[in-house]
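Written out below as structure tokens is the structure these notes cover.
2 protein chains.
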Amino acid sequence: MKLYTYFRSSAAYRVRIALNLKQLPYDAVAVHLLRDGGQQKQANYKQKSPLGIVPALETEHAVLTQSLAIIEWLDETYPQVALLPDDADGRARVRAIAQTIACDIHPLNNLRVLAYLTKNIGITEEQKNDWYRHWVNEGLAAVEQLLANDPRTGIFCHGDTPGLADCCLIPQVFNARRFQCPLDDLPVISRIVAACESLPAFQLAAPAQQFDAE
Amino acid sequence: MKLYTYFRSSAAYRVRIALNLKQLPYDAVAVHLLRDGGQQKQANYKQKSPLGIVPALETEHAVLTQSLAIIEWLDETYPQVALLPDDADGRARVRAIAQTIACDIHPLNNLRVLAYLTKNIGITEEQKNDWYRHWVNEGLAAVEQLLANDPRTGIFCHGDTPGLADCCLIPQVFNARRFQCPLDDLPVISRIVAACESLPAFQLAAPAQQFDAE
Numbered sequence: 001m002k003l004y005t006y007f008r009s010s011a012a013y014r015v016r017i018a019l020n021l022k023q024l025p026y027d028a029v030a031v032h033l034l035r036d037g038g039q040q041k042q043a044n045y046k047q048k049s050p051l052g053i054v055p056a057l058e059t060e061h062a063v064l065t066q067s068l069a070i071i072e073w074l075d076e077t078y079p080q081v082a083l084l085p086d087d088a089d090g091r092a093r094v095r096a097i098a099q100t101i102a103c104d105i106h107p108l109n110n111l112r113v114l115a116y117l118t119k120n121i122g123i124t125e126e127q128k129n130d131w132y133r134h135w136v137n138e139g140l141a142a143v144e145q146l147l148a149n150d151p152r153t154g155i156f157c158h159g160d161t162p163g164l165a166d167c168c169l170i171p172q173v174f175n176a177r178r179f180q181c182p183l184d185d186l187p188v189i190s191r192i193v194a195a196c197e198s199l200p201a202f203q204l205a206a207p208a209q210q211f212d213a214e
Numbered sequence: 215m216k217l218y219t220y221f222r223s224s225a226a227y228r229v230r231i232a233l234n235l236k237q238l239p240y241d242a243v244a245v246h247l248l249r250d251g252g253q254q255k256q257a258n259y260k261q262k263s264p265l266g267i268v269p270a271l272e273t274e275h276a277v278l279t280q281s282l283a284i285i286e287w288l289d290e291t292y293p294q295v296a297l298l299p300d301d302a303d304g305r306a307r308v309r310a311i312a313q314t315i316a317c318d319i320h321p322l323n324n325l326r327v328l329a330y331l332t333k334n335i336g337i338t339e340e341q342k343n344d345w346y347r348h349w350v351n352e353g354l355a356a357v358e359q360l361l362a363n364d365p366r367t368g369i370f371c372h373g374d375t376p377g378l379a380d381c382c383l384i385p386q387v388f389n390a391r392r393f394q395c396p397l398d399d400l401p402v403i404s405r406i407v408a409a410c411e412s413l414p415a416f417q418l419a420a421p422a423q424q425f426d427a428e
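Line order of the protein sequences matches chains L and B.
Residues 1 to 214, numbered by the numbering used here, are exactly what the first sequence covers, in order.
Residues 215 to 428, numbered by the numbering used here, are exactly what the second sequence covers, in order.
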């Protein structure tokens with residue numbers, strides 16, 4: 001399998017964690033989001049990912065896009081080390097946590113959106129930081145409640161083995177720290193992040209560990 | 215089952231289509247996003263949906279949030295009239311189309327984001343419309359390619375029965391029309407939308423047909 005990735009992309013980071021948790025080998029291909037006017041916008045890459053975003057996973061049969069869809073495909077195709085629970089209620093809960101991050105926090109703060117706000121609307125650096133932190137703070141506060149108020153939360157987001165929700169949470173917290181978002185009021189998230197960060201699967205997926213890191 | 219909904223919410227609209235396709239009865243509870251300073255922000259609703267967004271689906275056991283997670287739960291719990299294909303590659307494709315809409319178009323244009331742009335950043339009405347159309351145009355162009363370049367596209371997004379991707383596409387096109395986004399360069403999407411709109415499941419889920427429509 002070939003993963004089209006960028007070290008700092010948190011959507012790619014999610015998939016790297018999932019691949020590592022399942023101990024699946026893959027070839028990483030760097031798509032530099034800032035070089036050459038954005039390599040993700042070049043025609044040869046957009047044939048793989050029409051929206052021009054990372055990650056994409058090239059398998060024997062197809063090129064898969066969208067990080068959550070890729071992780072579900074990995075989980076169905078390589079079911080050893082399951083990343084989703086085996087009951088429908090549990091899966092709905094894990095997907096809801098993952099989607100709170102992947103739909104309601106991350107898309108607002110990714111590179112193409114920040115670029116639009118800066119270039120097309122002309123917001124200041126301070127307004128950009130406020131925007132970024134607003135969605136992180138609001139979104140992670142909701143995730144904290146989903147975790148704090150549910151007995152199914154364990155060492156990890158759902159039970160005592162890491163899964164899809166953890167694959168999304170750790171990259172989002174990485175971004176939150178990068179933009180100095182306060183995490184003091186998020187004790188459950190902080191505890192789970194510490195548990196994940198003790199595992200090699202998460203450590204080796206981190207941006208700084210990637211071959212294309214700068 | 216009880217669906218917390220708002221007639222114009224496209225995330226709620228997705229779930230209404232799915233419930234109708236499966237012919238599942240439900241009680242609709244209106245959460246008015248503009249009345250009382252936003253009923254979705256009130257404490258009793260945020261106990262159900264910590265982020266304060268619609269829809270939420272209350273089942274016998276739990277309150278489920280996030281429209282795609284809810285639809286997957288419905289599909290697993292009521293498998294008659296399947297909304298996802300039965301092969302992993304097909305599911306990955308359908309989820310990728312759904313997530314291109316639910317992660318990369320819709321979150322940028324929903325009410326809370328437009329309100330932030332208007333109130334906190336002070337953008338003009340024209341800038342708001344440009345912003346809205348930019349993400350719709352870019353996102354739907356990508357969806358068009360995912361559909362046009364794949365033999366698995368049928369009468370609907372994936373094959374000849376409607377499914378998860380169609381549940382996301384129709385509400386997004388409804389929004390696109392509302393903001394006068396041009397659809398002329400999207401022939402496959404336009405054809406699929408016409409096919410969906412001929413079905414009662416889609417017709418009855420439309421905003422204008424809801425008991426809380428204005």
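C-beta: ideal position from N, C-alpha, C; glycine also.
This one's a predicted model, so the numbers in the text were calculated from it and none came from an experiment.
Query                                                                                                                                                                                         : Result
Going by C-alpha distance, which of B:D241, B:I284 and B:V243 is nearest Q99 of chain L?                                                                                                      : B:I284
Shorter than 9 Å from the beta carbon of H106 of chain L to some beta carbon of chain B?                                                                                                      : yes
I need the boundaries of the alpha helix (DSSP H) containing Y4 of chain L, first residue and last residue.                                                                                   : Careful: Y4 of chain L lies outside any alpha helix (DSSP H), inside the beta strand (DSSP E) at K2 to T5.
Quickly, what does DSSP pair A28 of chain L with across the bridge? List them, please.                                                                                                        : L:L3
T279 of chain B lies in the beta strand (DSSP E); which residues open and close that run?                                                                                                     : V277 to T279
In angstroms with no decimal places, state the Cα-to-Cα distance between C382 of chain B and A409 of chain B.                                                                                 : 14 Å
Is V143 of chain L near I101 of chain L, with beta carbons less than 9 Å apart?                                                                                                               : yes
Please state if the CB of V136 of chain L and the CB of N110 of chain L are separated by a distance shorter than 9 Å.                                                                         : no
Relative to the C-alpha of F179 of chain L, which residue among L:L51, L:L84, L:Q145 and L:D130 is closest?                                                                                   : L:D130
Hey, out of L:L164, L:A148 and L:F202, whose CA is closest to V188 of chain L's CA?                                                                                                           : L:A148
Run through DSSP, which three-state label would T367 of chain B get?                                                                                                                          : strand
Given D212 of chain L, which residues of its chain have a CB within under 6 Å of its CB, disregarding the five upstream and five downstream residues?                                         : F7 and A30
Between the stretch 19 to 33 of chain L and the stretch 256 to 276 of chain B, do at least 3 Cβ pairs fall closer than 8 Å?                                                                   : no
Name, in chain order, the residues that DSSP records as bridge partners for L57 of chain L.                                                                                                   : L:L3 and L:L64
I'd like the span of the alpha helix (DSSP H) that includes E144 of chain L, first residue to last.                                                                                           : E125 to A148
Terminal residues of the continuous alpha helix (DSSP H) containing L325 of chain B?                                                                                                          : L325 to Y330
If I measure Cβ to Cβ from T332 of chain B and keep anything under 7 Å in the same chain, skipping five residues before and after, which residues do I get?                                   : K342
Tell me the rounded alpha-carbon separation between A242 of chain B and K262 of chain B.                                                                                                      : 15 Å
Within 10 angstroms of its Cβ, does D104 of chain L collect 16 or more other Cβ (buried), or is it exposed?                                                                                   : buried
Can you list, in chain order, the residues of its chain whose CB lies under 7 Å from that of A232 of chain B, leaving out five sequence neighbours each side?                                 : I285, L288, L297 and C381
Beta-carbon of L33 of chain L versus every beta-carbon of chain B: anything under 9 Å?                                                                                                        : no
Quick check on the DSSP output: the alpha helix (DSSP H) that includes F211 of chain L runs from which residue to which?                                                                      : Per DSSP, F211 of chain L belongs to no alpha helix (DSSP H) and is neither H nor E.
Which word fits S10 of chain L, buried or exposed, when buried means at least 16 other C-beta atoms lie within 10 angstroms of its C-beta?                                                    : buried
If you draw a straight line from the C-alpha of V94 of chain L to the C-alpha of L68 of chain L, how long is it?                                                                              : 11 Å
Inspect the beta-carbon positions of V327 of chain B and L354 of chain B and report whether they are closer than 9 Å.                                                                         : no
May I ask you to report which of helix, strand or coil DSSP gives G252 of chain B?                                                                                                            : coil
On the DSSP bridge assignment, give the partners of G373 of chain B in chain order.                                                                                                           : B:T367
By the three-class DSSP mapping on this structure, what secondary structure does K22 of chain L have?                                                                                         : coil
Which term fits G37 of chain L, buried or exposed, when burial requires 16 or more other beta carbons within 10 angstroms of its beta carbon?                                                 : exposed
Please return the same chain residues whose Cβ sits closer than 8 Å to the Cβ of C371 of chain B, not counting the five positions on each side in sequence.                                   : V308, I311, L361, G377, A379, D380, L383 and I406
Go through its chain and collect everything with a Cβ distance to D399 of chain B's Cβ below 8 Å, but skip five positions before and after it.                                                : A355 and E358
Taking P270 of chain B as the reference, give the member of B:V295, B:L235, B:I337 and B:Y240 with the closest Cα.                                                                            : A quick correction: the sequence has Ala, not Pro, at residue 270 of chain B. The candidate whose alpha carbon is nearest that of A270 of chain B is B:Y240.
Just to confirm, is the Cβ distance from P79 of chain L to T65 of chain L under 9 Å?                                                                                                          : no
Could you name the residues of the same chain whose beta carbon sits closer than 7 Å to that of C395 of chain B, not counting the 5 residues immediately before and after it, in chain order? : R347, V350 and N351
Per DSSP, what kind of secondary structure is L204 of chain L in: helix, strand or coil?                                                                                                      : coil
Can you confirm whether C167 of chain L, when its beta carbon is compared against all beta carbons of chain B, has any partner nearer than 9 Å?                                               : no
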